[in-house]
Each structure stands twice: as structure tokens, then as C-alpha cells.
Amino acid sequence: MSCLALEKPLALTCGEPAGIGPEITASAWSRSKEERLPPFFLIADPAVLHGRTGDVPVQEILSPEDCLSTFGSALPVLPIKAGGVVVPGEPSTATASMVISSIEKAVGLTQAGRAGAVVTNPIQKAILTEAGFKHPGHTEFLAHLAAPQASPPRSVMMLANETLRAVPVTIHIPLAQVPSAVTGELIIETCQVVHNDLQKRFHISRPRLAVSGLNPHAGEDGHLGTEDRDIIAPAVRQLAAQGMDVTGPYPADAMFRDTARDSFDVAICMYHDQALLPVKTLGFHTSVNVTLGLPFVRTSPDHGTALDLAGTDGARPDSLMAAIRMAAEMSVQTADA
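Numbering (our numbering), first residue to last: 789 to 1125.
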């Protein structure tokens, strides 16, 4: 992806300012020329960056449009107030308003056509909840911002790297609750969103979706659990009857071997770790969290705030750079569609 291929800069949110967001953003900018990253700007309080960007120069900008002329010589920052003192490694509810405002501003600028996509730095969900944040996480808040006066769009989390794309049908719930949460309706809705966005955002004309089973050996025809036979398989048949290339359910233990991965474009998995384990194993530092189903492009590094690394030079920017690169590619492909 050439940095000249994107007409609008990407909007990066600040994420949890006590986490590694400032460090990895600065590192990504410092490597932007060699990695051929597109222009991006950070929405944050510039004071948060003091002493945390190394030799990276920081330049306040007045608008996203200023980013294009600034990016070659400094990390552009669109300023908002932190609301409190930031201590690396010590998150505080005092800065929660900046974290939330940064997300809101990034979405607003992207929906207004002034930014090409939203790339979110990791947040500390517990701190936001303690401060009164009403949404379970990033994805749900982004869906709300996409349609604040209406029912939010059905959003889907996809993890991706150069080797594998995987989608968990259920996300952040205890494993004991997964069997009752897996319904035919949820599987069908998830697959429809994934199918549509692989066509729209990734230019895959006929996406191939491989659906995993829930139980060992995909239930062995009901001998090791009935969900695969009674819920997952009928949903797969219904989707195939709609003309989609959807197959399964497959035993998850054999689904991700080299030759099997070549037969599908995305794996639809039944629970969080079933999807994330193979993705992170195949590309721990370069995997990206992508939200499908939104009216704008959103990506994020596939890791947390890493509070123990904040304020040090130990944080790697690889996943953030991959998220920036994927957001740019998705934006260009969407514009060309």
C-alpha cells in the first residue's frame, strides 16, 4: 500500500492514555516511510505524548486536512483535552472522557468524509465502565455511534492476518454460556454480515465461509453434543440455499491446518478462543481486529493496553501498523467498489 494511494488520512484514537497507545503510535509514525504506511493523525491531548514519543516530532493540527501536509515531517495530533493527569501504567477515570471523545470524533470525521477510516488504540474497559460508560466495549459503542437515533447495525468482530481470517459467533461471554448462546439465527446473521463485507471491503466476489463445530469432532452426529447437528448444520444449509458458499460444520481441531485453510476465505467459529487461538498462533504480532457491518471502516491492533509496557520502549507497533495498513486497503477497495 503506497502512502499516496489514500486520499483521506486515517483517524487514530488515543485509546487508554496510560497504556501503550502513545508509544506504538509514535513508533508506527517513525516507521511509516519504510513500511509505506498511509498518512494518519492521532486524536489526543498532546500533553499525553510528552516524554513518550522518543525522537518523534509531534505537530498539532487544526483539521484532518492539515494531516496530509504535516505527516511527512511530524506525527499530526488533533488536540482534545485529557481531563486529568496521565501516569503511564496507571489508568484513571479522570481521562475517560478523552478516551470516549477521541472515539466519537474519529467516527464523526470518518462519517463526514474527512477521514478515510477509524483505527482504534486499545482501551481499558474496566476504567471506562467505572466512569459510567454504558457499552460493553469498543465494537458496541462504534455500532451505536453509527446510528445513534436508530437500532445499531449488526456488527461482527473479525480477526485477520496474512494467513487467516476468523470470526467468533459469540464473543465476550463465559465458555459455559456458549452452547445456549449459539443459535441458528445468530449464525445466519453473522455469516450474512461477513459475506457482505468480504465482498464490499475486500473485493472477494464469492466469499467462501467455513463454519466450525462447537463440540469435539463437530458432535459426532449427536454422540458428543447435539448443537452441531441440530443448530449449526441447519443454519449452514439455510445459508447455502440462499446461494452463499458456506460449508460445515467442521471439527475445529483439523480446520486450521495448511491445506484446509486454502479452501476458505474466512472461518466462522462458535466462541472467542476457538477463533483467536489459531489467528494469534499464526501471526501474534501482526494480527488485526476488524469490525464488519459498520457503515465505515474500523480496525484495531489485536492486543490490549499492556500497562506494564507503558512509558517504556518495549512495546511493539507491528499490530498497529498492520491495522493501519488494513484500514487503508479496505478504504481504497470500498471507494473503488
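Cβ coordinates follow ideal geometry from the N, Cα and C atoms, glycine included.
Under DSSP, the beta strand (DSSP E) around ARG1049 begins and ends at which residues?
For the purposes of this step, residue 1049 is taken as the residue at position 261 of the sequence shown. Where ARG1049 is concerned, there is no enclosing beta strand (DSSP E), although the alpha helix (DSSP H) it sits in stretches over 1046 to 1049.
_I believe VAL1067 touches ASN909 by the beta-carbon criterion, under 8 Å. Please report the beta-carbon distance rounded to the nearest angstrom._
Residue numbering aside, residue 1067 sits at position 279 when the sequence shown is read from its first letter. Residue numbering aside, residue 909 sits at position 121 when the sequence shown is read from its first letter. Rounded, the Cβ-Cβ distance is 20 Å, inconsistent with contact.
Quiz item: Going straight from the alpha carbon of ALA1110 to that of PRO1089, what length do you get?
Solution: As a working mapping, residue 1110 is identified with position 322 in the sequence shown. As a working mapping, residue 1089 is identified with position 301 in the sequence shown. Spanning the two alpha carbons is a distance of roughly 7 Å.
Taking all protein chains shown into account, decide if ASP1106 is buried (16 or more other Cβ within 10 angstroms of its Cβ) or exposed.
-> The sequence position of residue 1106 within the sequence shown is 318, counting from 1. Buried, by the Cβ-count rule.
**For GLU892, the three-state DSSP class (helix, strand or coil)** = Residue numbering aside, residue 892 sits at position 104 when the sequence shown is read from its first letter. Reduced to three states, the DSSP call for GLU892 is helix.
- Query: Taking DSSP as the reference, what is the three-state secondary structure of HIS1011?
  - Reply: As a first step, residue 1011 must be located in the sequence shown, where it is residue number 223. In the structure shown, HIS1011 sits in a strand (DSSP, three-state: E or B).
query: Three or more C-beta pairs closer than 8 Å, one from the segment 920 to 935 and one from the segment 815 to 835: is that the case here?
result: no
Taking all protein chains shown into account, decide if LEU792 is buried (16 or more other Cβ within 10 angstroms of its Cβ) or exposed. Within the sequence shown, the letter at position 4 stands for residue 792. Bear in mind that the predicted position of LEU792 carries a pLDDT of just 40, short of 50, making it unreliable; the figure below should be weighed with that in mind. By the neighbour-count rule (16 or more Cβ atoms within 10 Å), LEU792 is not buried but exposed.
Please state whether DSSP places GLN937 in a helix, a strand or coil.
-> On the sequence shown, position 149 is the one that residue 937 refers to. If DSSP states are grouped into helix, strand and coil, GLN937 belongs with coil.
Original post:
Roughly how many whole angstroms lie between the Cα atoms of GLN1026 and ALA998?
Top reply: The count along the sequence shown starts at 1 and reaches residue 1026 at position 238. The count along the sequence shown starts at 1 and reaches residue 998 at position 210. Rounded to whole angstroms, the gap between the alpha carbons of GLN1026 and ALA998 is 14 Å.
VAL957 and THR927 closer than 9 Å at C-beta: For the purposes of this step, residue 957 is taken as residue 169 along the sequence shown, with counting starting at 1. For the purposes of this step, residue 927 is taken as residue 139 along the sequence shown, with counting starting at 1. No, these two residues do not count as a Cβ contact at 9 Å.
* To do: Return the Cβ separation of VAL1024 and VAL982 in integer angstroms, given the expectation that the two are a contact with Cβ distance under 8 Å.
  => By one-based count along the sequence shown, residue 1024 stands at place 236. By one-based count along the sequence shown, residue 982 stands at place 194. That belief does not hold up - the Cβ atoms of VAL1024 and VAL982 are roughly 13 Å apart, past 8 Å.
Check: For GLY839, which of helix, strand or coil comes out of DSSP?
Finding: Locating residue 839 in the sequence shown gives position 51, where the first residue counts as 1. Three-state result, GLY839: coil.
| said: In whole angstroms, give me the CA-to-CA distance for LEU1097 and PRO936. | reply: Residue mapping note: residue 1097 aligns to position 309 of the sequence shown, counting from 1. Residue mapping note: residue 936 aligns to position 148 of the sequence shown, counting from 1. If you take the alpha carbons of LEU1097 and PRO936, they lie about 35 Å apart.
Exercise for review: Starting from the Cα of PRO941, find the closest Cα among LEU1080, LEU798 and THR1100 and give me that residue.
Suggested key: Within the sequence shown, the letter at position 153 stands for residue 941. For PRO941, the closest of LEU1080, LEU798 and THR1100 by C-alpha to C-alpha distance is LEU1080.
_Given this structure, state the Cα-to-Cα distance separating VAL887 from VAL1120, to the nearest angstrom._
The residue you call residue 887 lines up with position 99 of the sequence shown. The residue you call residue 1120 lines up with position 332 of the sequence shown. Each residue's Cα considered, the two are about 27 Å apart.
message = Quick test of your reading: LEU837 and VAL846, contact by CB under 8 Å. State the CB separation rounded to the nearest angstrom.
response = If you number the sequence shown from 1, residue 837 lands on position 49. If you number the sequence shown from 1, residue 846 lands on position 58. So it is a contact: roughly 5 Å between Cβ atoms.
- Message: To the nearest angstrom, how far is the alpha carbon of ILE808 from that of ASP1016?
- Response: Counting from 1 along the sequence shown, the entry for residue 808 is found at position 20. Counting from 1 along the sequence shown, the entry for residue 1016 is found at position 228. In a straight line, the C-alpha of ILE808 is about 41 Å away from that of ASP1016.
### Query
At which residues does the beta strand (DSSP E) containing GLY1036 begin and terminate?
The count along the sequence shown starts at 1 and reaches residue 1036 at position 248. Counting along the chain, the unbroken beta strand (DSSP E) around GLY1036 starts and ends at 1033 to 1038.
* To do: Determine the closest residue to SER815 out of ALA862, LEU798, PHE990 and GLU795, with distance taken between C-alpha atoms.
  => By 1-based counting over the sequence shown, the position of residue 815 is 27. Cα-wise, what sits closest to SER815 is ALA862.
Three or more C-beta pairs under 8 Å: does that hold for the segment 1055 to 1063 against the segment 953 to 968? In short, these stretches touch, since the Cβ pair count reaches three.
What residue range is occupied by the uninterrupted beta strand (DSSP E) comprising PRO1089? Along the sequence shown, one-based indexing puts residue 1089 at 301. Unbroken beta strand (DSSP E) run through PRO1089: 1086 to 1089.
* Would you identify the three-state DSSP class for THR1074, choosing helix, strand or coil? => For the purposes of this step, residue 1074 is identified with residue 286 of the sequence shown, where counting begins at 1. Note: THR1074 maps to coil in three-state DSSP.
9 Å Cβ cutoff met for GLU1163 and ILE911: Since the displayed the chain opens at 789 and closes at 1125, residue 1163 lies outside it and no answer follows.
- Item | Beta-carbon proximity of LEU1082 to ALA934, cut-off 9 Å | Position 294 of the sequence shown, counted from the start, is the residue given in the question as residue 1082. Position 146 of the sequence shown, counted from the start, is the residue given in the question as residue 934. Yes. Within cutoff.
Inset, instruction - Quick one: using the 10 Å Cβ neighbour count with 16 as the cut-off for buried, is GLY1102 buried or exposed? - result: As a working mapping, residue 1102 is identified with position 314 in the sequence shown. GLY1102 should be labelled exposed.
Check: In or out: ARG1113 buried (at least 16 other Cβ within 10 Å) or exposed?
Finding: Walking along the sequence shown from the start, residue 1113 turns up at place 325. When all chains shown are included, ARG1113 counts as buried.
Residue burial classification, GLU822 (beta-carbon count within 10 angstroms, cutoff 16): On the sequence shown, position 34 is the one that residue 822 refers to. Under this definition GLU822 is an exposed residue.
Under DSSP, the beta strand (DSSP E) around GLU848 begins and ends at which residues?
Counting from one through the sequence shown, the residue named residue 848 turns up at place 60. Per DSSP, GLU848 belongs to the beta strand (DSSP E) from 846 to 848.
Exercise. According to DSSP, which residues form a beta bridge with PRO1066?
Worked result: Indexing the sequence shown from 1 puts residue 1066 at position 278. PRO1066 pairs with nothing; no bridge assigned.
Beta-carbon within less than 7 Å of PRO1022's beta-carbon, same chain only, minus the 5 sequence neighbours each way: which residues are those? By 1-based counting over the sequence shown, the position of residue 1022 is 234. GLY972.
* To do: From the DSSP output, in three-state form, read off CYS791 for me.
  => The residue given as residue 791 occupies position 3 in the sequence shown. At CYS791 the pLDDT is 46, less than 50, meaning the model places this residue with poor confidence and gives no usable figure here.
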